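Q:
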Amino acid sequence: MKTTQIVKYVFRALLGILFLLSATSKLIGIDDFEMYLFSFGWFRLGSCYLLARLVIAAEYTLGLLLIGNLHPKLAFWGSLAMLGGFSLFLLGLLVAGRNDNCHCFGEWVDLNPTQSLLKNAGMLVLLLLSAGLEAFRAKHKGLWLSLACIVPLATVLIVSPPDNWRYDSYARHALVNEQALQEAREAEILPASVAEGDKVVCFYSLKCHFCKMSAQKLATLRQRGEFAQAPVIVIFGRGQDTNTEAFFAETGLAPDEVHFIEPNDFLRITNGSFPVILELHDGAVLKAYNYRNLH
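Quick note, the working numbering runs 304 ahead of the 1-based positions in the sequence shown.
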């Protein structure tokens, strides 16, 4: 292989590694990535679960095609389309005034849209520098192409199945100690309003990552008309920190009531597992959710 071809391949392999890292970071933090997509309100929650995995699988496929170099033209135009699409999306975020983490590298690296556009520009330079790369010689190139497309998607779906595929399974883990809940109401540990009419009662911890994500999911669902009819009551376990402003600012949830109860009571009601979100009617539990099956 000529020196120029070797240099071009190095640039292309580096680009492929960046795509693989990007996909891996999103897969590891897929819950955050799903909620980021859902926060725009463009798609239903189940569609966001699938879209997140399709994006991740596409990045894995591009990474493999770039490094494998069996179909350099396909890898080139596929990468150009991916980077172009991502860049248009980021420009849209800038126009809309959003400056939060755009999840280009998941939670590994917190990049705002401007920083991500610069990152994409660097990746585009690598792609252009590798233009004209000749394909490696190999047999059964069509088979390898099929595997590069199918295996990443199948792997992502197996490693992280969409939550809506397993709502029933997750529902069995959304348990609440109803006896402890009733005793807490009778002892006036919980506010009297909990037993009055329809309520959505959320048991959250200020330090719990999935509690924050649950609150964000609930806020977005309410904006779309779900869980919107009943007032929301948030119950925290009492701790050293009782400042809830950052929690609600970060999640966008605007509860009707916020209360703190003692940790022992909080743990008894939730069986030590939270978040727990309850739909109540006159104090009776109609449905119980955790983060996974909240929809």
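In this text, a Cβ means the ideal position worked out from N, Cα and C, and glycines have one as well. Values in this document were obtained by computation on a predicted structure and should not be read as measured data.
1. With residue 510 as the anchor, note down where its alpha helix (DSSP H) starts and where it stops.
2. Taking the alpha-carbon positions, what's the residue 565 to residue 370 distance?
3. Short check: CB of residue 555 to CB of residue 507, under 7 Å?
4. Report all residues from its chain with a CB closer than 8 Å to the CB of residue 600; omit the five preceding and five following residues, and keep chain order.
5. Rank 435, 395 and 558 by C-alpha distance to the C-alpha of residue 403 and give the top, closest one.
6. DSSP state of residue 565, grouped into three classes?
7. Closest to residue 453 by C-alpha separation, out of 375, 482 and 313, would be which residue?
8. Give a yes or no on contact between the region 439-457 and the region 355-367, applying the rule of three or more CB pairs nearer than 8 Å.
9. First and last residue of the beta strand (DSSP E) that includes residue 588?
10. Report yes if the CB atom of residue 596 is closer than 7 Å to the CB atom of residue 437, and no otherwise.
11. Can you list, in chain order, the residues of its chain whose CB lies under 6 Å from that of residue 329, leaving out five sequence neighbours each side?
12. When burial is assigned at 16 or more other CB atoms within 10 Å of the CB, is residue 513 buried or exposed?
13. Give me the Cβ distance between residue 430 and residue 358, rounded to the nearest whole Å; I'm assuming they're in contact under 8 Å.
14. Where do the N-terminal and C-terminal ends of the alpha helix (DSSP H) with residue 584 fall, by residue?
15. What residues in its chain sit with their C-beta under 7 Å from that of residue 569, if we drop five residues either side in the sequence?
16. What runs of the beta strand (DSSP E), each 3 residues or longer, lie entirely inside the region 479-544?
17. What three-state label does DSSP hand residue 323 in the structure shown?
18. In angstroms with no decimal places, state the Cα-to-Cα distance between residue 537 and residue 415.
19. If you follow the alpha helix (DSSP H) that residue 437 is part of, which residue opens it and which one closes it?
20. What first and last residue would you give for the alpha helix (DSSP H) that runs through residue 376?
21. Expressed to the nearest angstrom, what Euclidean distance is found between the alpha-carbon atoms of residue 481 and residue 562?
22. Please classify residue 307 as buried or exposed, where buried requires at least 16 other C-beta atoms within 10 Å of its C-beta.
23. Jot down the residue ranges of each uninterrupted beta strand (DSSP E) in the region 305-370, minimum 3 residues, whole runs only, in chain order.
24. For residue 464, which residues from the same chain have a beta carbon less than 6 Å from its beta carbon, with the 5 sequence-adjacent residues on both sides left out?
25. Quick check on DSSP: helix, strand or coil for residue 448?
A: Quick answer:
1. Counting along the chain, residue 510 falls outside any alpha helix (DSSP H), and DSSP gives it neither H nor E.
2. Inter-residue distance for residue 565 and residue 370 is about 55 Å (C-alpha atoms, whole angstroms).
3. Taking 7 Å as the Cβ cut-off, residue 555 and residue 507 do not qualify as a contacting pair.
4. As shown, the chain starts at 305 and ends at 599. That puts residue 600 outside it, with no answer to give.
5. Considering only alpha carbons, the answer is 395.
6. In the structure shown, residue 565 sits in a strand (DSSP, three-state: E or B).
7. Nearest C-alpha to residue 453: 375.
8. Yes, they touch.
9. Segment 588-593, the beta strand (DSSP E) holding residue 588.
10. Contact: no.
11. Excluding five sequence positions before and after residue 329, the CB atoms of its chain that fall closer than 6 Å to its own CB belong to 409, 410 and 412, given in chain order.
12. Exposed, by the Cβ-count rule.
13. Rounded to the nearest angstrom, the Cβ distance from residue 430 to residue 358 is 24 Å, too far for a contact under 8 Å.
14. Where residue 584 is concerned, there is no enclosing alpha helix (DSSP H), although the beta strand (DSSP E) it sits in stretches over 580-585.
15. For residue 569, the CB contacts under 7 Å within the same chain, skipping 5 residues up- and downstream, are 488 and 493 in chain order.
16. Within the region 479-544, the complete beta strand (DSSP E) runs of at least 3 residues are 502-508 and 536-541.
17. DSSP, reduced to helix, strand and coil, places residue 323 within a helical segment of the structure shown.
18. Here the alpha carbon of residue 537 sits roughly 34 Å from the alpha carbon of residue 415.
19. If you look at residue 437, you'll find it isn't in any alpha helix (DSSP H); DSSP assigns it neither H nor E.
20. Note, residue 376: alpha helix (DSSP H), 376-400.
21. Distance from the CA of residue 481 to the CA of residue 562, rounded to the nearest whole angstrom, comes to 21 Å.
22. Counting the other CB atoms within 10 Å of its CB gives residue 307 a total below 16, which places it among the exposed residues.
23. Fully enclosed beta strand (DSSP E) runs of no fewer than 3 residues are not present anywhere in the region 305-370.
24. Leaving aside the five residues that flank residue 464 on each side, the residues in its chain whose CB is nearer than 6 Å to its CB run, in chain order, 334.
25. Residue 448: helix per DSSP, three-state reduction.
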